[in-house]
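To start, the structure under review is shown below, and the notes come after it.
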Amino acid sequence: MKKALVLLLCLVMTLTSVFAQGASEPKADEPITLEFWTHEDSARQVLEERYIEEFKQLHPNVTVNVTRQSAEKLRELIQTAFASGEGPSFFNLPIENEFQYIEAGRVAPADYKTLGFKDAKDLLANYQDGMIDAVYYDGDVYGLPLELTNWSIFLNKKVFRDAGLDPEKDYPKTWEEMKEVSKKIVIRDGDIITRRGFDFRYSYELTYFIPMVEQLGGSLSEKDGCVNKEAWVKALTFMKEWGPQGENLGNPTLTAARKLFNKDNNDIAMCNTGLYQEARILSDNAAFYNSGEWMVVPYPVFEDAVKDVAGCYYGHFYMVNADKPKAEQQMAWELIKYFLLTEGHAEEYLTQVGLIQPTKALMEGATYAAQPYSEVFKNDFARSHIVYYGKGATEIQSAINSAIKQVMLQGTDPSVAYDALQKNVLEILAD
């Protein structure tokens, strides 16, 4: 009887071991469907569609369904999906929108073995120091960077010359110069602007506006909100003077400057955007790209800046849904690995799409150095930091955007707008 009991126990333990292995080690031919959600980018779509087809040849049991949406729509879709207990197999968002999913335990730590690394330390060593620290949390890495992006200033030389300016000498180094140069370039039909010198990336205030505040000695703190009222009021005053309540040089209701820039139609002289814009110019308007009539210049600072800060850099990271079955998670990491870590792919993302994956091999290599104006972006990286991605990042960005619109479009006193903003931000942080 005892012998039979021992045999039965051994059998149970063996079966348990087999089932356990089956749960963590999917069969090679097990059908798996991956739902991949990402933001729209026509150049990247072409590249990734090729990668997906190549991947499916290597893994014929895998189906990949891709959902592409605008960046803002994607953020809303993912938030809604996770709130209802659903969501894609893997996705990407800007880190200021993604970090909440790490903190909430909704995304899985990296599958180091699948990705080809020993552990988190080994993975981090593959990237430039500090550049992906935002996804390193409690000893694990929770995403791989599709891109790490900073913004400098793209400039159309022809528009400068049409306004009687020398682009090589007269490009603005300070925000005050940006205003004066734009006053010389702007064309209006009554109060309607038909040509702008420059305009901001409204709705991305954490990326462009916070550095302006920091240049003046202020900051955004997860503990104290909008620190240094004087700096914030001065930055808001600049925005008020920029808008229709001031010099009428631009405003949030107009077509985004970066979307007009590629058309080369005399509507815009400058915009702030990333190195990826180069690939989009080439795709949208090859004649303009090859004309030599555009250039990239450094991010401006205020004349009385107390800190030299360029625009913040941000990352889009591929993350895997922790609620999905282990086999699906592992295959998602396999596809992410194929996208990002296959030899030559980082160079293709850079040269064909203009996306920087901040591996040491890429950023210290010849391909990056050969990109037009890469040195400008590299120098601006050196005087910048990652965008605020802490508590309430999405809501705080919306609150800052509202404050800017109030001073620009409604004529609200910047001091009053600051007081309301600070109250709002502190409530967001306390929630």
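Residue numbers (mature numbering (1 follows the signal peptide of the UniProt record, and there is no 0)): -20 to -1, 1 to 411.
The beta carbon of each residue, even a glycine, is placed where N, CA and C say it ideally should be.
Rounding to the nearest angstrom, what Cα-Cα distance links residue i and residue j in this structure?
i           : j           : result
residue 273 : residue 342 : 28 Å
residue 392 : residue 215 : 14 Å
residue 352 : residue 339 : 19 Å
residue 300 : residue 48  : 17 Å
residue 1   : residue 102 : Since pLDDT at residue 1 reaches only 36, below the 50 mark, its modelled position is unreliable, and the value read off the structure follows with that caveat. Cα-Cα distance, rounded: 26 Å.
residue 249 : residue 286 : 28 Å
residue 218 : residue 347 : 39 Å
residue 5   : residue 307 : In this predicted model, residue 5 has a pLDDT of only 49, less than 50, meaning its place in the structure is not dependable; the value taken from the coordinates is given anyway. Roughly 7 Å separates the two Cα atoms.
residue 294 : residue 208 : 24 Å
residue 115 : residue 90  : 10 Å
residue 270 : residue 56  : 38 Å
residue 11  : residue 309 : 13 Å
residue 75  : residue 296 : 6 Å
residue 409 : residue 183 : 20 Å
residue 298 : residue 20  : 15 Å
residue 64  : residue 411 : 21 Å
residue 130 : residue 335 : 10 Å
residue 136 : residue 349 : 22 Å
residue 386 : residue 104 : 42 Å
residue 92  : residue 181 : 37 Å
residue -13 : residue 38  : Below a pLDDT of 50, predicted positions are generally treated as unreliable, and residue -13, at 39, falls in that range; the measurement from the model is reported next regardless. Spanning the two alpha carbons is a distance of roughly 41 Å.
residue 165 : residue 330 : 32 Å
residue 144 : residue 324 : 44 Å
residue 232 : residue 243 : 20 Å
residue 60  : residue 100 : 30 Å
residue 31  : residue 132 : 30 Å
residue 29  : residue 36  : 11 Å
residue 97  : residue 88  : 16 Å
residue 284 : residue 190 : 16 Å
residue 322 : residue 34  : 12 Å
residue 222 : residue 23  : 33 Å
residue 106 : residue 163 : 46 Å
Bridge partners for residue i per DSSP, in chain order?
i           : result
residue 176 : 248
residue 206 : 200
residue 357 : The partner list for residue 357 (beta bridge, DSSP) is empty, contrary to what the question assumes.
residue 135 : 250 and 275
residue 212 : Per DSSP, none; premise fails for residue 212.
residue 42  : 12
residue 167 : 175
residue 125 : 297
residue 120 : 117
residue 17  : 47 and 71
residue 366 : 293
residue 339 : 107
residue 154 : 281
If residue i sits next to residue j, beta carbons under 8 Å apart, how far is it from one beta carbon to the other, in whole angstroms?
i           : j           : result
residue 44  : residue 320 : Rounded, the Cβ-Cβ distance is 15 Å, inconsistent with contact.
residue 282 : residue 194 : Residue 282 to residue 194, Cβ: 10 Å. No contact.
residue 111 : residue 128 : 6 Å
residue 71  : residue 58  : 6 Å
residue 186 : residue 373 : 7 Å
residue 291 : residue 360 : 7 Å
residue 169 : residue 246 : With a Cβ gap of about 14 Å, residue 169 and residue 246 do not count as contacting.
residue 278 : residue 356 : 6 Å
residue 202 : residue 371 : 5 Å
residue 328 : residue 27  : 6 Å
residue 332 : residue 266 : Their Cβ separation, rounded to whole angstroms, is 14 Å, which puts residue 332 and residue 266 out of contact at 8 Å.
residue 280 : residue 158 : 6 Å
residue 289 : residue 199 : The Cβ separation is near 10 Å, so there is no contact.
residue 276 : residue 134 : 6 Å
residue 121 : residue 311 : About 19 Å separates the two Cβ atoms, so there is no contact after all.
residue 229 : residue 177 : 7 Å
residue 313 : residue 95  : 6 Å
residue 252 : residue 151 : Going by Cβ atoms, the distance from residue 252 to residue 151 rounds to 13 Å, so no, they are not a contact pair.
residue 212 : residue 368 : Incorrect: roughly 14 Å between the Cβ atoms, too far for contact.
residue 85  : residue 302 : 6 Å
- At 3 residues or longer, and completely inside the stretch 257 to 325: list those beta strand (DSSP E) runs for me, N to C. 274 to 277 and 294 to 300
Quiz item: Can you give, in chain order, each stretch of the beta strand (DSSP E) that sits fully within the stretch 49 to 109 and has at least 3 residues?
Solution: 70 to 74
| Is the number of C-beta pairs between the stretch 374 to 387 and the stretch 400 to 408 that are closer than 8 Å three or more? | yes
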